[in-house]
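Structure, as structure tokens:
Residue numbers (this note's numbering): 1397 to 1679.
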């Protein structure tokens, strides 16, 4: 069900379903809670939670200067405190992966495991693969929704993206369909030049189970970045799944299956060593 809580003067919405060990899984830029739940729908035996980041879904936008991966990670911690969840398995897709990676680095006692799915950031801000979001934002700001979309679709950067990754191209065009154009323009422009604010050394120092999921045919979330992150984290599990551009059905099935195996394995391992995991009950 969709719920909300007040934090930092804003109403932030979140989806909270199921019972059992907690899995907090975050959405990508411009998406909402439906995106992670498309992956988590078959994860029985877990309490599944997605916080809708500021300006996404039902969450208020707030100040433009606060639209950042760092703020979104702080908001996630606030949600855990609000729900009295002491510790949880965490992860996310794209921007959600960056948010939960930062969360795990800064709050090691609160993160039981980490799933980094289709990462778009590694250890620096404004990566080249995110530049296309700034291009889309500029067209939206200069020309509005309809004309901005048409000019963006006719632009050289979009055509290059369409050739390399049809799914990325379709997703970016979908940003022009979001309900609030100003919110979209601010989110795209600010996040395109943002970063998780963590270093290679931070990745290397992670001491929790980590799964990295990626695939080819994905210019925004390059497979090489998934490989680099997995190489940086000791003991990380790297999983290559079918590209969404190849088959969305297989993409969803393989993504869901990989995540299920990972989080279930983590839970089984902790149960075997009799470590308590708090916050299992629906709050």
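All residues carry an ideal CB built from backbone N, CA and C; glycine is no exception.
Scanning 1485, 1490, 1455 and 1417 for the CA closest to the CA of residue 1592 turns up 1490. Of all alpha-carbon atoms in 1478, 1439, 1583 and 1615, the one lying nearest the alpha-carbon of residue 1456 is that of 1583. In this structure, DSSP gives residue 1642 a state outside helix and strand, which the three-state scheme calls coil. In this structure, DSSP gives residue 1452 a state outside helix and strand, which the three-state scheme calls coil. In the three-state DSSP reduction, residue 1488 falls in the strand class (E or B). Taking every protein chain shown into account, the CB of residue 1603 has fewer than 16 other CB atoms within 10 angstroms, so this residue is exposed.
In the DSSP assignment, residue 1442 falls outside any beta strand (DSSP E) and carries neither an H nor an E. Residue 1526 places its beta carbon 7 Å or farther from that of residue 1484. Here residue 1464 is buried, its C-beta having at least 16 other C-beta atoms within 10 Å. Contact check between the stretch 1606 to 1613 and the stretch 1630 to 1638: three or more CB pairs, one atom from each, fall below 8 Å, which counts as touching. Straight across, the Cα-Cα distance linking residue 1562 with residue 1641 is about 6 Å.
DSSP places residue 1506 outside any alpha helix (DSSP H), giving it a letter other than H or E.
The continuous beta strand (DSSP E) containing residue 1407 extends over residues 1406 to 1413.
Here the C-alpha atom of residue 1507 lies approximately 14 Å from the C-alpha atom of residue 1598.
For residue 1402, there is no enclosing alpha helix (DSSP H); the enclosing beta strand (DSSP E) covers residues 1398 to 1403. For residue 1421, the enclosing beta strand (DSSP E) begins and ends at 1418 to 1422. In summary, residue 1425 is buried, with 16 or more beta-carbon neighbours lying within 10 Å of its beta-carbon over all protein chains present. Between residue 1580 and residue 1571, the alpha-carbon positions lie close to 7 Å from each other.
If you draw a straight line from the Cα of residue 1529 to the Cα of residue 1444, it is about 29 Å long. Excluding sequence positions up to five before and after residue 1663, its CB lies within less than 7 Å of the CB of 1417, all in the same chain and listed in chain order. The shortest C-alpha to C-alpha distance from residue 1625 to any of 1557, 1515 and 1422 is the one to 1515.
Non-local C-beta neighbours of residue 1619 in its own chain, meaning closer than 6 Å and more than five positions away in sequence, comprise 1610 and 1612, ordered along the chain. The continuous alpha helix (DSSP H) containing residue 1541 extends over residues 1527 to 1550.
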